[in-house]
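Asker: Here the numbering used here is used: the first residue of the sequence shown is 1, the next is one more, and so on. From the three backbone atoms N, C-alpha and C, an ideal C-beta is built for every residue, glycine too. I'd like to ask some things about the structure below.
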Amino acid sequence: MGTKLTLADFKKDEKIIFFSSSTTHCGYYFMDLQQIHALKHPEYPVKMLNGGISGGSARSGMERIEFDILAQKPDRVFISFGMNDVNYPLYYITEPDASNLAQREEAVENYRKYMIQCIETLSAHQVKIVLVIPPPYDEYASAHAPVCGKGVNEKALSRIAVIAEELAEKYQLPLIDLYHPMLELIRGGTGILYSNDRVHPNRSGQYVMTVLYLKTLNGTLNPVQAVLDTRSGVIETCACKVKCISGTDELSFSFLPEHLPFLGDKDAMKKADALYPVSEFFGGEKLVVRNLSPGKYRLEDEKAECLGCFTAEELSEGIQLSELPTANRKKAEKIRDICSRLRLLQIKLRDAVMTRLMIKKLQECSSIAEEFSAVDEWLATKTGEGPYLYYKSVCESFKANRRVAENIHAAIGKLQQELYKTAVPEECMLTLKRTDQI
Numbered sequence: 001m002g003t004k005l006t007l008a009d010f011k012k013d014e015k016i017i018f019f020s021s022s023t024t025h026c027g028y029y030f031m032d033l034q035q036i037h038a039l040k041h042p043e044y045p046v047k048m049l050n051g052g053i054s055g056g057s058a059r060s061g062m063e064r065i066e067f068d069i070l071a072q073k074p075d076r077v078f079i080s081f082g083m084n085d086v087n088y089p090l091y092y093i094t095e096p097d098a099s100n101l102a103q104r105e106e107a108v109e110n111y112r113k114y115m116i117q118c119i120e121t122l123s124a125h126q127v128k129i130v131l132v133i134p135p136p137y138d139e140y141a142s143a144h145a146p147v148c149g150k151g152v153n154e155k156a157l158s159r160i161a162v163i164a165e166e167l168a169e170k171y172q173l174p175l176i177d178l179y180h181p182m183l184e185l186i187r188g189g190t191g192i193l194y195s196n197d198r199v200h201p202n203r204s205g206q207y208v209m210t211v212l213y214l215k216t217l218n219g220t221l222n223p224v225q226a227v228l229d230t231r232s233g234v235i236e237t238c239a240c241k242v243k244c245i246s247g248t249d250e251l252s253f254s255f256l257p258e259h260l261p262f263l264g265d266k267d268a269m270k271k272a273d274a275l276y277p278v279s280e281f282f283g284g285e286k287l288v289v290r291n292l293s294p295g296k297y298r299l300e301d302e303k304a305e306c307l308g309c310f311t312a313e314e315l316s317e318g319i320q321l322s323e324l325p326t327a328n329r330k331k332a333e334k335i336r337d338i339c340s341r342l343r344l345l346q347i348k349l350r351d352a353v354m355t356r357l358m359i360k361k362l363q364e365c366s367s368i369a370e371e372f373s374a375v376d377e378w379l380a381t382k383t384g385e386g387p388y389l390y391y392k393s394v395c396e397s398f399k400a401n402r403r404v405a406e407n408i409h410a411a412i413g414k415l416q417q418e419l420y421k422t423a424v425p426e427e428c429m430l431t432l433k434r435t436d437q438i
């Protein structure tokens, strides 16, 4: 169905936008993808940009496609709408009347109509498109919010999935399916992958999303492993290069991994592993040393700094170099920090776009002064309403970031360049020295 796409198909300096809703607005899974791409392909950088808006749908996406998406001149756009399109609160009613059923049907058909408009608008501007079937609704976990839309998956999102498949076939577009694999994972009712609102995958769920993207794009990281045998001198490697210099009770060798390790939220990944082995897809750096004399060994880097102490038995079973303070681990930590900063900066820009959609008059303003006046006028109309404090914080955030928007864009560009420069692994000289006997 549709066409195939791999991570390696992205071109150098390609600009990619993830055009979606709140699941993307928070910025996690696609920044994981940005990090993975930098680790796998530091030689050709790409720019992955947040195009998500909380509450977004294909219909509201068309309202902003010109000034928000096309204005950034993307080379490729991933489109993922559906949850808000079906208006999931319609399914809070367990015994729907004719009016409710009609609204449900209209919502699904509107998804089809506006998705076609999004596809054809982007295609008219020669933008490459990837369709994404969005994650399911967690109507199975008893621990989540008591209000639950029974039937959102079976009666609504399953139809969204079919429409996305049909559109991928019709327009010959690559398709990434998050819906069906995640649906199978959440049917057990554990609630592990979702926040309390049943709509948004939590950080563990976002890791599952990342892996599903990577599997479709053939982009998972190969596990790095080096096996050294002091007796035979045999070296076995996977995704790395090792040169053994000397060995017996003191073993020195060079180690060069194909890529740096992916560093994520360990707790969130561990929780996700209970349902889906996400950790397996993010690589690692395992060192195995066999046939050492019994005793304890100190692992040092080229500066003779201690990275850790291990018994011969522990080394025979294997240790994770990615968890030790090697030069490459420090690079990986810097990459994680860069991606975190990129995520937060892009959220500031997304919040500004959300404000523009919420306050329509902003789209007609020709100066910052006019925009601020429009914001103040709009906020004044909300005084006394329940969400007033939320509206106030949104308006304050808009005004705080509006004058420095160009600086934010520039900072994002610099960080993206720094990300790929940092992602090149170093060859390390490592030494195991025997420190005591057992």
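So what does DSSP say about N218, is it helix, strand or coil?
Answerer: Three-state result, N218: coil.
Asker: Determine the direct distance from the alpha carbon of A161 to that of K113, and round the result to whole angstroms.
Answerer: Using only the alpha carbons, I get a separation of about 14 Å.
Asker: Just to confirm, is the Cβ distance from Q126 to L419 under 9 Å?
Answerer: No.
Asker: Would E300 and C306 be called neighbours here (beta carbons separated by less than 9 Å)?
Answerer: Going by C-beta atoms, E300 is nearer than 9 Å to C306.
Asker: Can you look up N401 in the DSSP assignment and give me helix, strand or coil?
Answerer: It is helical.
Asker: Could you give the DSSP three-state label for S195: helix, strand or coil?
Answerer: S195 falls in the coil class under three-state DSSP.
Asker: Compare the C-alpha of V404 against each of K348, E426, K382 and name the closest.
Answerer: With distances taken between Cα atoms, V404 lies closest to K348.
Asker: Reducing DSSP to helix, strand and coil, say where D32 ends up.
Answerer: Here D32 sits in helix by DSSP.
Asker: If contacts are defined as beta-carbon pairs under 8 Å, then T355 and L362 qualify, I think. What distance do you get, rounded to the angstrom?
Answerer: Between L362 and T355 the Cβ distance is about 7 Å, and since that is below 8 Å, they are a contact.
Asker: Work out the CA separation of L324 and L287 for me, nearest whole Å.
Answerer: Distance between the alpha carbons of L287 and L324: 11 Å.
Asker: Pull the bridge partners of K243 from the DSSP assignment, please.
Answerer: BP columns for K243 point to S254.
Asker: Could you say if the segment 34-44 and the segment 149-166 meet the contact criterion of at least three C-beta pairs nearer than 8 Å?
Answerer: Segments in contact, no.
Asker: Using DSSP bridges, identify the partner residues of S20.
Answerer: In DSSP, S20 forms a bridge with G52.
Asker: Reducing DSSP to helix, strand and coil, say where Q126 ends up.
Answerer: Residue state, collapsed to three classes: coil.
Asker: What residue ranges within the segment 106-193 form continuous beta strand (DSSP E) runs of no fewer than 3 residues, ordered along the chain?
Answerer: Runs found: 128-133, 175-177.
Asker: Just grab the DSSP bridge partners of G308 for me.
Answerer: DSSP lists L299 as partners of G308.
Asker: Just curious, the alpha helix (DSSP H) that Q346 is in, first and last residue?
Answerer: Residues 327-358.
Asker: Nearest CA to the CA of A332: which residue from K421, P277, V227, V394?
Answerer: Of the listed residues, the one whose Cα sits closest to A332 is K421.
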